[in-house]
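This report concerns only the one structure given below.
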Amino acid sequence: MNPVEILENIYWVGAVDWNVRNFHGFTYSTHRGTTYNAYLIVDDKVALVDTVYGPFAEEMLKKIEKVIPLSKIDYLIANHVETDHSGAIKNVLEHAPNAKIVGTAPCEVGLQKHYFGDWNFQIVKSGDEIKLGRRSLKFIEAPMLHWPDSMFTYIEEDALLLPNDAFGQHLATSKRFDDEVDQKMLMDEAAKYYANILWPLSKLVTRKIEEVHRMGVKINMIAPSHGVIWRSNPMKIIESYLRWAKGESEKKVLVVYDTMWGSTDRMARAIIDGLQSKGVEAILFRVPTSDRGDIIKELLESKGVLIGSSTVNNGILPTVAPFLEELRGLKPLNKIAAAFGSYGWGGGATKAIEESLTKAGIEITFPALSLKWVPNEEELVKCFEYGKAFAERIIST
Ligand code: FEO
Numbered sequence: 112m113n114p115v116e117i118l119e120n121i122y123w124v125g126a127v128d129w130n131v132r133n134f135h136g137f138t139y140s141t142h143r144g145t146t147y148n149a150y151l152i153v154d155d156k157v158a159l160v161d162t163v164y165g166p167f168a169e170e171m172l173k174k175i176e177k178v179i180p181l182s183k184i185d186y187l188i189a190n191h192v193e194t195d196h197s198g199a200i201k202n203v204l205e206h207a208p209n210a211k212i213v214g215t216a217p218c219e220v221g222l223q224k225h226y227f228g229d230w231n232f233q234i235v236k237s238g239d240e241i242k243l244g245r246r247s248l249k250f251i252e253a254p255m256l257h258w259p260d261s262m263f264t265y266i267e268e269d270a271l272l273l274p275n276d277a278f279g280q281h282l283a284t285s286k287r288f289d290d291e292v293d294q295k296m297l298m299d300e301a302a303k304y305y306a307n308i309l310w311p312l313s314k315l316v317t318r319k320i321e322e323v324h325r326m327g328v329k330i331n332m333i334a335p336s337h338g339v340i341w342r343s344n345p346m347k348i349i350e351s352y353l354r355w356a357k358g359e360s361e362k363k364v365l366v367v368y369d370t371m372w373g374s375t376d377r378m379a380r381a382i383i384d385g386l387q388s389k390g391v392e393a394i395l396f397r398v399p400t401s402d403r404g405d406i407i408k409e410l411l412e413s414k415g416v417l418i419g420s421s422t423v424n425n426g427i428l429p430t431v432a433p434f435l436e437e438l439r440g441l442k443p444l445n446k447i448a449a450a451f452g453s454y455g456w457g458g459g460a461t462k463a464i465e466e467s468l469t470k471a472g473i474e475i476t477f478p479a480l481s482l483k484w485v486p487n488e489e490e491l492v493k494c495f496e497y498g499k500a501f502a503e504r505i506i507s508t
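Convert by adding 111 to the 1-based position in the sequence shown; the result is the number in this note's numbering.
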């Protein structure tokens with residue numbers, strides 16, 4: 112693949128990783144692969160904004176060489192330490208030994224601890240600027256979005272924001288721009304990215320976007336470090352981030368459960384029928400056969416959450432526990448949640464689920480549904496009615 116000129120004398124020189132299926136230590140499934148985006152800005156001085164994951168270094172270097180000799184790189188802007196963006200810094204420096212690395216103070220510490228290089232480093236803060244010639248690079252620190260070192264680079268002359276991980280999507284494609292790919296798929300991947308990487312940092316996301324607005328930063332294009340570039344309507348992804356950060360979601364219900372001998376499964380299916388009978392979209396995941404990252408993405412977008420488990424040892428099935436633990440960490444805003452499940456003699460799963468929901472900051476405003484042994488026809492009708500009632504609550508809220 113050749114470099115792609117995204118604006119006059121600004122080139123995408125990144126790499127497409129078609130085959131990666133897991134990210135961040137298997138916490139994030141990347142069904143559609145990803146890209147590592149690096150951007151080359153050619154002016155009187157030449158800057159490379161971010162690099163790529165180490166195994167793709169050669170690919171990036173070859174793209175750069177199609178535009179300029181590598182030795183011409185003056186600045187290597189390190190928006191983020193994580194290795195998927197810094198992994199080729201050493202390779203660049205082998206060819207451009209005088210290039211200066213630019214990043215935040217935590218970035219310098221982080222890069223040193225990752226690569227142990229004695230590099231020429233310039234620390235920048237929010238508002239600092241480097242003049243390249245016709246264009247200037249401005250920097251906006253973005254600590255904890257999503258690492259302490261994170262930073263955005265901004266080019267005022269083009270109203271171009273290079274925010275590294277923020278506004279990205281794990282999406283391998285031969286297309287470089289948002290308007291060239293399927294819109295529903297793009298927003299699904301952007302939502303999954305937010306849910307799995309930025310959700311716990313929502314307050315910081317809102318604060319940073321508001322700060323950028325206050326700074327009067329005009330944005331015509333957002334070029335993140337993963338996925339496609341937002342050029343057709345960059346406000347679309349910014350507004351989506353603000354909506355997700357506020358806990359706004361769709362009138363949709365996520366059903367997450369596991370079952371021992373099938374009774375809780377029968378309950379789940381009857382509940383789903385009840386939800387759908389009121390026209391409410393429902394999505395069901397049996398935890399052991401489902402993907403964690405996909406569930407978290409649906410959780411972000413769903414107003415309602417129903418969690419089911421058979422009772423074992425007076426509590427939940429161990430397979431359901433990790434999802435409840437996720438909820439406690441994410442503390443999702445504005446969700447309506449309830450518990451269901453079958454039991455043999457003592458019960459206890461629904462109570463344990465409700466306790467976890469409370470710890471996740473979710474107030475229990477809808478009763479649990481607990482049934483003994485295998486649900487009979489009458490009890491399945493009860494499950495259906497339960498789904499209907501839950502749907503009505505979602506619709507009316
Ligand atoms: Fe894409 Fe935080 O690295």
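No residue lacks a Cβ here, since even glycine has one placed at the ideal position from N, Cα and C. Every value quoted in this text rests on a predicted model; they were computed, and no experiment measured them.
Nearest residue (CA-CA) to residue i, options the options
| i | options | result |
| --- | --- | --- |
| I340 | A502, A301, F167, G426 | A301 |
| F232 | D161, D128, G214 | G214 |
| G415 | S481, T430, T476 | T476 |
| G125 | E466, P166, V192 | P166 |
| G136 | N113, G390, T194, N120 | T194 |
| I251 | S401, I394, R325 | R325 |
| A334 | I348, E322, E321 | I348 |
| E268 | P399, V328, E412 | V328 |
| Y497 | V431, I383, G457, T430 | I383 |
| M296 | T469, I152, H142 | H142 |
| L118 | L181, V323, I152 | I152 |
| D299 | F396, L248, D405 | D405 |
| G144 | S285, V220, L187, H225 | S285 |
| F263 | K446, L435, E240 | E240 |
Residue i: CB within 7 Å of a non-hydrogen atom of ligand 1
| i | result |
| --- | --- |
| S336 | yes |
| H206 | no |
| D195 | yes |
| D276 | yes |
| W123 | no |
| H57 | Because the chain here runs from 112 to 508, residue 57 falls outside it and cannot be looked at. |
| H257 | yes |
With 16 other Cβ atoms within 10 Å as the buried cut-off, status of residue i
| i | result |
| --- | --- |
| V492 | exposed |
| W310 | buried |
| N148 | buried |
| I407 | buried |
| I506 | exposed |
| G472 | exposed |
| T422 | buried |
| V485 | exposed |
| I440 | First, the residue type needs correcting, since residue 440 is Gly and not Ile in the sequence shown. It counts as exposed. |
| F227 | exposed |
| N113 | exposed |
| S360 | buried |
Per DSSP, cross-strand counterpart(s) of residue i
| i | result |
| --- | --- |
| W123 | V115, Y150 |
| F134 | Y139 |
| I234 | G214 |
| T508 | Looking at the DSSP assignment, T508 forms no beta bridge with any residue, so it has no partner. |
| K249 | E240, Y265 |
| S453 | L482 |
| G415 | V364, I447 |
| Y164 | DSSP lists no partner for Y164. |
| G426 | V423 |
Proximity below 8 Å, CB of residue i to CB of residue j
| i | j | result |
| --- | --- | --- |
| A199 | C218 | no |
| D185 | K211 | yes |
| M332 | A381 | no |
| H196 | D161 | yes |
| Y150 | Y122 | yes |
| Y454 | G419 | no |
| T138 | G338 | no |
| S343 | G279 | no |
| L365 | E409 | yes |
| M378 | F451 | yes |
| L482 | E490 | yes |
| H281 | Y304 | yes |
| V391 | K363 | yes |
| V316 | A356 | yes |
| L159 | V203 | yes |
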